[in-house]
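>
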Amino acid sequence: MPYVIAEPCIGVKDTACVDACPVDAIHPRGDEPGFGAESQLYIHPEDCICCGACVPVCPAAAIFPAEDLTASWSQRNADWYQR
Ligand code: SF4
Ligand code: SF4
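Numbers given in our numbering equal positions in the sequence shown, counted from 1, plus 12.
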């Protein structure tokens, strides 16, 4: 199962995880349209290779394996890519 970004990202959104991800699975990046309007970042559920590299760089401890969170957080991350 992929990794998922949860509530602690809200209000932090510093994009440290974006730079750590080897497969560009975390969006929106700071240079993408809509970045300013988003309350948090989201992990693409199929692009994520579950390497865990984003976890230790997150200052808010906001990133978890999907199985450690309620399904609503996985849904929230996945839904962002369906817009
Ligand atoms: S677990 Fe790895 S592949 Fe998945 S979002 Fe984090 S850094 Fe990217
Ligand atoms: S590193 Fe953590 S707080 Fe920063 S954008 Fe990524 S998930 Fe959000």
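Yeah, the Cβ is synthetic: ideal placement off N, Cα and C, and Gly gets one too.
#1: Using a threshold of 7 angstroms, state whether the C-beta atoms of Thr-27 and Gly-46 are closer than that.
#2: Rounded to a whole number of angstroms, what is the C-alpha to C-alpha distance between Ser-22 and Pro-71?
#3: If you measure from the CB of Leu-81, is any heavy atom of ligand 2 nearer than 6 angstroms?
#4: So who's on the other strand from Phe-76, going by DSSP bridges?
#5: Just to confirm, is the Cβ distance from Cys-60 to Tyr-93 under 7 angstroms?
On the basis of the data shown:
#1: no
#2: In the sequence under discussion, the amino acid at residue 22 is Ile, which differs from the Ser named in the question. Distance between the alpha carbons of Ile-22 and Pro-71: 12 angstroms.
#3: Flag unset: Cβ of Leu-81 not near ligand 2.
#4: Val-16
#5: Between Cys-60 and Tyr-93, the C-beta gap is not smaller than 7 angstroms, which leaves the two residues out of contact.
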